[in-house]
Structures are given as structure tokens and as C-alpha cells.
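Take a look at the structure set out below.
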Amino acid sequence: MDMNEARLAADLERYQQKALDLATQAVIVKAEDIPVDERVPLKCQIPRCFGYGVSAHCPPHTLKPGDLKEVLKKYHCAVFFIMEVPPEVIVRDNATIKERVAAYQQVFRMVSELESMAFYDGHYLAFGFAAGSCRHTFCGQKESCQALEGKRCRFALLARPSMEAVGIDVYKMVARAGWDIYPIGSNAKPEDQPKGTLAGIVIVQ
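Going by this note's numbering, the residue at position 169 of the sequence shown is 151; the numbering climbs one at a time, nothing skipped.
And the structure:
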């Protein structure tokens, strides 16, 4: 291992440990092992997600899976993490909307922080994806997404696509890491779910 490889390995380990400040689990993965599938963002459209088309970072406006596949060919490694939350936080219920928004915001902020760390460590092409719609996470009380109107995003350094929006198969990634994840749909009941899972990733180098 040369000096550059040793430094990268040390940086990745620091990012992994930083992710664990928030995350339940975090792992260093190879970029080539990130599963990207065109069928994933199809689920944003069929059945139609309430976030579809209303954010600059949600389909059909964001990075396409085919483009991400090409981009990932130029990268080698990433830090992937999950945050486990009570299932009632994930299930769409007005009673837990504050907790739900807070949980999603935590993932966005961690991805942004890890990306920033990597950038200032010299990995200036690092980029990350979070969980859920930034529109509903940060601008849920606003009438529209400013970025879609050609204006500056209100949360330019925090907002970003979700992993699913760009075609990353989060369920497959979690399973490959050896962690548990449970699908929680719109009609799910919290008492029927062991836990909820939110995920984020930063592609570093």
C-alpha cells in the first residue's frame, strides 16, 4: 500500500466513524458494488410518490440511473450508513410528522457533513445522496421548490437526491452489508414493523 492508498484508507475510516455519530451502522464499500437499477426510480412514479416531480432533486428532474452508472466507473470507494428509527417515525402519520422530518434532516445533514469532510481532505469530487425528498424534508411549509423555478435552492449545501431517486437499490445494499431492513409502505401499521431504516451514502474517491 503506497502513501496515497494509506491516506485514503485512513480517511475512509474517519468518515465511517463520523457517520457512526448518528448512524446505527456504517461500512466502507467499493463503488463497483453499489447496485444501480433503473427499476428503483420507477417506484417513484408507479404508484406515484407525493414527491414525484415537485423537487429539483426528485425524479424526473434528477440524475438518471444510467448516468450514475457511468459516473461510478470513475470512483473506487464510498461510505454507506443506515439510521434505524422507530417504525412509527417512517409510517405516514400526522401525529409523528415532526419526528419524521427531524429524522430525515439528520440523514441529510450527516451526508452533507461527510461530503464536506472529504472535500476539505482533498477528495474534491466526493458527492452524496440522502434519504427521502429534500422538498418535504426542508421546504415542506413552502409553496414550491425554488430550484425548479431557476432560483437558488434554499438549502443548497444540504439538499440532494435520495439514494433511490438516482436508482440505488438501498434494500440490496443493506442486505449485502448483513443488516436488516423492512419495507414500510403507505398502508403499513407501526406495530407490524420491527423498525424503520433510513440510509445515506457518500461516494468519496
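All residues carry an ideal CB built from backbone N, CA and C; glycine is no exception.
Remember, predicted model here, so these are calculated numbers, not experimental data.
Reduced DSSP category for residue i - H, G, I as helix; E, B as strand; rest coil
i      : result
Met65  : strand
Gly48  : helix
Phe137 : coil
Ser192 : The question about residue 192 has no answer, for the chain in this structure spans -17 to 187.
Ser94  : helix
Cys116 : helix
Phe109 : strand
Per-residue burial, residue i [other beta carbons within 10 Å of its own, 16 or more giving buried]
i      : result
Gly104 : exposed
Pro165 : exposed
Ala33  : The residue you asked about is not Ala; residue 33 is Gly in the sequence shown. Flag for Gly33 reads buried.
Cα-Cα separation, residue i to residue j
i        : j       : result
Tyr(-3)  : Phe111  : 15 angstroms
Ala8     : Ala159  : 9 angstroms
Gly178   : Glu14   : 27 angstroms
Cys31    : Arg74   : 12 angstroms
Pro143   : Asp(-7) : 24 angstroms
Ser168   : Gly114  : 14 angstroms
Arg(-11) : Met145  : 27 angstroms
Asn76    : Ala129  : 27 angstroms
Cys121   : Lys55   : 33 angstroms
Ile10    : Lys124  : 36 angstroms
Trp161   : Glu(-5) : 19 angstroms
Leu140   : Pro69   : 25 angstroms
Proximity below 9 angstroms, CB of residue i to CB of residue j
i      : j      : result
Val61  : Val186 : yes
Glu20  : Pro42  : no
Cys26  : Arg117 : no
Phe63  : Ala5   : yes
Leu96  : Lys12  : no
Val152 : Ala108 : no
Val148 : Thr44  : yes
Leu50  : Ile183 : no
Ser126 : Val36  : yes
Cutoff 9 angstroms: residue i Cβ touching any chain C Cβ
i     : result
Val22 : No chain C is present in this structure, which holds just one protein chain.
- Message: At 4 residues or longer, what runs of the alpha helix (DSSP H) sit wholly inside the segment 152 to 184?
- Response: Here the runs fully enclosed are 152 to 158.
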